[in-house]
Structures are given as C-alpha cells and as structure tokens.
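Numbering follows the working numbering, with no gaps: position 175 of the sequence shown is 226.
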Amino acid sequence: MMLKFFTTTALVPAKSNILLLFTTPSSSCPISKHHYPSIFKFFTTSTTTIDPQQSFTISYLINNCGFTPQSASKASQNLSLSNSQKPDSVLAFFTTHGFSNSQIRGIIIREPWLLSYNPNDVLLPKFQFLLSKGASNSDLIHIIIGNPKLLKRSLQNHIIPTYQFAKELLQSDKKIIACLKRYGFLSQDHLPKKVKLLLDNGVSHSNVARLFHWWPSIFDSVDLLNTVEELKQLGFDSKTYTFSIAFLAKKTVTSGMRKLKPLRNGVGWDSLDIARTPAILQFSLEKRIIPRGLVVQFLISKGLRRKDASMYTPFVLSEKLFVEKFVNSFTEHSSDLLKLYEEKMNLADSRNGLQMVFVKPRYSKNGEESCPIRVRYRYAYRKSIGLPC
Numbered sequence: 052m053m054l055k056f057f058t059t060t061a062l063v064p065a066k067s068n069i070l071l072l073f074t075t076p077s078s079s080c081p082i083s084k085h086h087y088p089s090i091f092k093f094f095t096t097s098t099t100t101i102d103p104q105q106s107f108t109i110s111y112l113i114n115n116c117g118f119t120p121q122s123a124s125k126a127s128q129n130l131s132l133s134n135s136q137k138p139d140s141v142l143a144f145f146t147t148h149g150f151s152n153s154q155i156r157g158i159i160i161r162e163p164w165l166l167s168y169n170p171n172d173v174l175l176p177k178f179q180f181l182l183s184k185g186a187s188n189s190d191l192i193h194i195i196i197g198n199p200k201l202l203k204r205s206l207q208n209h210i211i212p213t214y215q216f217a218k219e220l221l222q223s224d225k226k227i228i229a230c231l232k233r234y235g236f237l238s239q240d241h242l243p244k245k246v247k248l249l250l251d252n253g254v255s256h257s258n259v260a261r262l263f264h265w266w267p268s269i270f271d272s273v274d275l276l277n278t279v280e281e282l283k284q285l286g287f288d289s290k291t292y293t294f295s296i297a298f299l300a301k302k303t304v305t306s307g308m309r310k311l312k313p314l315r316n317g318v319g320w321d322s323l324d325i326a327r328t329p330a331i332l333q334f335s336l337e338k339r340i341i342p343r344g345l346v347v348q349f350l351i352s353k354g355l356r357r358k359d360a361s362m363y364t365p366f367v368l369s370e371k372l373f374v375e376k377f378v379n380s381f382t383e384h385s386s387d388l389l390k391l392y393e394e395k396m397n398l399a400d401s402r403n404g405l406q407m408v409f410v411k412p413r414y415s416k417n418g419e420e421s422c423p424i425r426v427r428y429r430y431a432y433r434k435s436i437g438l439p440c
C-alpha cells in the first residue's frame, strides 16, 4: 500500500494561514534509502499547532519576567495569559511597594501563578496585614523575597491563624516579624504540631518560645523528639533555661558534624585544617562548602593554587567575587571550572526548586573584558538578586 510509504507533517504556526507540508518516505518504503521529490498523491498527515494563548504566555514570561525559553514553556503549562492587563498590574504592584526588577523577577520565576491574579484582591490584603503588625517596607520585601509561597496561602484561613498562634508563643509582633525575616513559617502547616509535640514531652512553654525566637527553622526538624530524649538522658531538665541552650547546641553540633565528612573526603581537608578555620562550618554544605571546595581542589590539582594558600578565603567571598577570582581568572580552565561549579550549585538549588544561571564574560578584540561575568541568583530561602551587566 502506498499509504504506508509516505508521511506528511503539516505545521500550522500561530496567527498564520500558511500550511507547511513536509513529505518523507517511511522506513518501510522500498525507496526510503534514495532521494525522491515529495509526493503528495498518497500520504498520511499529522498536524502540530501552537496555541496563540500559550504563545503569548511564553513570550510575556521571556520578555517581561526574565524567564529562559525552557522555563517559560514549562510555566505556561500551568499558567494561561490572554493579555497583559493582569500580569502588568502584578509587576506594577511589586514596583510600587519598592521591589527591584531583579527581586520581582526572582519572585515570579518561583511563583508564576501570581501573574494571573488581581493584585488588589490577592496580594494587597496580605501586605496590609503584615504592615499593620509593624513590618516596615524593607521588612516586607525581605519576608516576601525569602518566602514568596506565603502569597499563595489564604489570609483568613491560614496566615492570620498561624500568626496568632506564633503571637501566643512570642507575645510580641516585633519578635514575630524578626522570625519571619529569618524563616517563612507563615507558609508552613507544621508549626502547631511541632509545638504541641515539644509541650507534650515536657518542654516548658518558655523554652519552646525561646527556641522558636532564636531559631524558627528548627521546627522543620524531623528529629525534635529524639533530641529532647537525648538531652533528658544527659541530665538536662526540659523546664530550665539551660535546656534550650543545650538544645540549640546539640542541633548546631549535628549540623556541623554533617559538614565534616565532605570537607575531609570531597575537599581534602584534614582535622587540623578544619580546626584552624572552624567558622567554615557556619556556611551551607550544599550551596557553598562543596561547590567552592571542589573548585579549589581542581585548581590545586592543576598547579594553579598553592596547597598552603588560605583555605578560608574562597568560602567567605561574595558569590560575584568568588566567580571572578576562582573561575573567571583562569581563562584556560574557566569552562571546566564554570561547569563544575554550576553543576554543584544547580544540584543544590534544584532540591529547593531553584536555578542559578552563569553567563560567561565577553571579551573585546584586545582581550579586555568588555562585560564582566553575570550571575543571576534565584534563592528560595533568603533573597533573590540579579546582577546584570
């Protein structure tokens, strides 16, 4: 049958009356190994169309929000924009409240659904609520950047009840705002359960409040009860002030011990090296210690960095300075270094739904850097920063 020998694909671009036909022999066609002109008498046809509304959504995300084509295409599967009225009003709303373009971009990249809502209905009441509790404009920006998921929660059914629960613990709006700047607990569901767990196991109300004020993210831990039991076995009274001190010390040591193995095995440090620079343990394992440590080890292995050079310096530099000094400076290996660093950073960020994009520097004809490296951050925890050329 000739019908099985040829397949024609028709592509219909959005907003176009042009029909593009491509006819090719199928694999079963006896002449498939030879070149013959397209034959239109006998063919089967498949048609691929691009939805105009989806096309507009993708275009808007790329041109107005800094999305990559890939991320815009993915976001458009759950976001449909028919015109620019609502998304424009959302972007204008954030701008009016003091958010920078890079901060707005970081928020929308993580929560693109915001563009489909009326900001006066969805965003404004939540902003007004936090401002009414004593948050300044800068506090508000800090809170939203660190936890844009907060904007997705119902004000009446979740945010207000959770805030009131925290108020019963801390008895102070000022303390709550300070906690929100460190950790976005208002978007979480587990706080009441974790507080009840501690209270039911003998931890005093004052100690629970103290722990929440000092380190709110500790209530994310899955081993709270184990920590309580271990401290009790060590002789700590769960109703005394020293218990809360011991609790934080225990969690801090646990976090620090978790970082020792990668420092020894992955970065190549020995116990003496770590003892000389204990402050290194304050940094994130996934987002700083491992990525930067591997870059340093690469440089040492290539003879580009002395083994006795400062071990602390690479970890305390800002992101921009680190990339410039330890990646960009080594032109011959910059591609390998960039790939190594980017892979580790994106791996860490992908666990939090984030992405970090590095753009290699451009050079003029005389070899001078005409545009310094651009690093765009999309943080889901603390901040969202853009550093364009």
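Glycine included, every Cβ here is placed at the ideal spot set by N, Cα and C.
Here the structure is a predicted model, which means the values were calculated and not measured.
Asked	Found
DSSP state of D240, grouped into three classes?	coil
Could you pull the start and end residues of the alpha helix (DSSP H) that E281 belongs to?	275-284
On the CB-based measure, 16 or more other CB atoms within 10 Å of its CB, does F236 come out buried or exposed?	buried
For R343, I'd like the list of residues in its chain whose CB is within less than 6 Å of its CB, leaving aside the five on either flank, ordered along the chain.	P365, F366
May I have the straight-line CA-CA distance separating Y292 from L132, to the nearest angstrom?	55 Å
Whether or not the stretch 367-384 and the stretch 343-359 are in contact is what I'm after, with contact meaning three or more pairs of Cβ atoms, one per stretch, closer than 8 Å; do they touch?	yes
At the level of alpha carbons, what is the spacing between N187 and G149?	Note on identity: in this sequence residue 187 is Ser, with Asn being the wrong assignment. Roughly 11 Å separates the two Cα atoms.
On the criterion of 16 or more Cβ atoms from any shown chain inside 10 Å, does I82 qualify as buried, or is it exposed?	Legend: pLDDT at I82 = 44, less than 50; position of this residue unreliable, no value from coordinates given.
What are the uninterrupted segments assigned as alpha helix (DSSP H) that are 4 or more residues long and contained completely in the stretch 366-393, given in chain order?	370-374
Residues in its own chain within less than 6 Å of N258 by CB, not counting five upstream and five downstream?	F294, S295
Apply the 10 Å Cβ neighbour rule to F216 and answer buried if 16 or more other Cβ atoms are within range, or exposed otherwise.	exposed
DSSP on L174, reduced to helix/strand/coil?	coil
Counting only the same chain and skipping the five closest in sequence on each side, list residues whose C-beta sits under 6 Å from that of L165.	V141
For the 8 Å Cβ check, are there 3 or more pairs between the stretch 202-221 and the stretch 250-268?	yes
Would DSSP call S295 helix, strand or coil?	helix
Closest to I441 by CA distance: which of P267, V246, A300 is it?	The structure shown does not extend to residue 441, since the chain is modelled only from 52 through 440, so no value can be given for it.
Can you give me the Cβ contacts of T108 inside the same chain, cut-off strictly under 7 Å, excluding the 5 residues immediately before and after it?	S127, L130, S131, L132
When the Cα atoms are used, what is the spatial distance from L112 to D139?	11 Å
Pick out whichever of F381, N169, S361, K200 has its Cα sitting closest to the Cα of Q136.	N169
Counting only the same chain and skipping the five closest in sequence on each side, list residues whose C-beta sits under 7 Å from that of F144.	P170, L174
Can you tell me the Cα-Cα spacing of C116 and A123, whole angstroms?	9 Å
Classify T364 as helix, strand or coil using the three-state DSSP reduction.	helix
Does DSSP put H193 in a helix, a strand or coil?	helix
I want to see whether chain C comes within less than 9 Å of I196, judged by CB atoms only; does it?	The chain labelled as chain C is not found in the depicted structure, where only one protein chain is given.
To the nearest whole angstrom, what separates the beta carbons of L275 and L248, a pair I think is in contact under 8 Å?	6 Å
So the candidates are N198, D288, F298; which of them puts its Cα closest to the Cα of R233?	N198
Which one of P243, T382, S255, I340 has the shortest CA to CA distance from E370?	I340
Please name the residue, chosen from P163, K301, I211, S255, that lies closest to Q179 on a Cα-to-Cα basis.	I211
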